[in-house]
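Each residue of the sequence shown is one higher than the one before, starting from 138 at the first, in the numbering used here.
For every residue, glycine included, the Cβ atom is placed at its ideal position computed from N, Cα and C.
Written out below as structure tokens is the structure these notes cover.
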Amino acid sequence: MIKGIIFDLDGTLLDTSHDLSNAVNYALKNNGFKELDIKEVISNTGNGVKNLVKNCCMVEDDALFNKIFDDFNSFYSLHSKDFTVPYINVLDILKTLKSKNIKLAVVSNKKDPFVQSIINHYFERIFDFVTGEREGFKRKPEKDLIDLCLNNLK
Numbered sequence: 138m139i140k141g142i143i144f145d146l147d148g149t150l151l152d153t154s155h156d157l158s159n160a161v162n163y164a165l166k167n168n169g170f171k172e173l174d175i176k177e178v179i180s181n182t183g184n185g186v187k188n189l190v191k192n193c194c195m196v197e198d199d200a201l202f203n204k205i206f207d208d209f210n211s212f213y214s215l216h217s218k219d220f221t222v223p224y225i226n227v228l229d230i231l232k233t234l235k236s237k238n239i240k241l242a243v244v245s246n247k248k249d250p251f252v253q254s255i256i257n258h259y260f261e262r263i264f265d266f267v268t269g270e271r272e273g274f275k276r277k278p279e280k281d282l283i284d285l286c287l288n289n290l291k
């Protein structure tokens, strides 16, 4: 019997590709770099936004990278829900699972404040536990955040 399901966020529950791409391209353009095609940006997702930005700009200079990353964060914090949409039928599926008393969780490599904001916007009161990247916890594929989730869900 299934007691709980843990979901990833980007590319699993939500299509966040346009907002992530727009934030990356804003940061690149703002710092004199060429903008990237959305496919190039999305091919670099999956290991957290810091790695996303790092892989998209390929900058060795730490100060310049930090400026680009700050620009990404500033833009994304204001525009993370402009074009983001749940995948077709995701909400219905989640509601069906919830009606069967299955605990639902999200564990993402996206920064926790972004995850909380996005989940509250699109999936209010559906998930039993939600976390993104946090201080003191290793990101996926390490098991730190999964263990945190499992402990919270009991």
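Taken atom to atom, the span from the alpha-carbon of R271 to that of K171 is near 31 Å. Bounds of the beta strand (DSSP E) holding L241 are K240 to K248. Closest option to K140, judged by alpha-carbon separation, among N238, I179, G185 and K277: N238. For V267, the enclosing beta strand (DSSP E) stretches over residues F266 to E270.
In the DSSP assignment, F144 falls within the beta strand (DSSP E) that extends over G141 to F144.
Around the Cβ of S236, a 10 Å sphere holds fewer than 16 other Cβ atoms; the residue is exposed.
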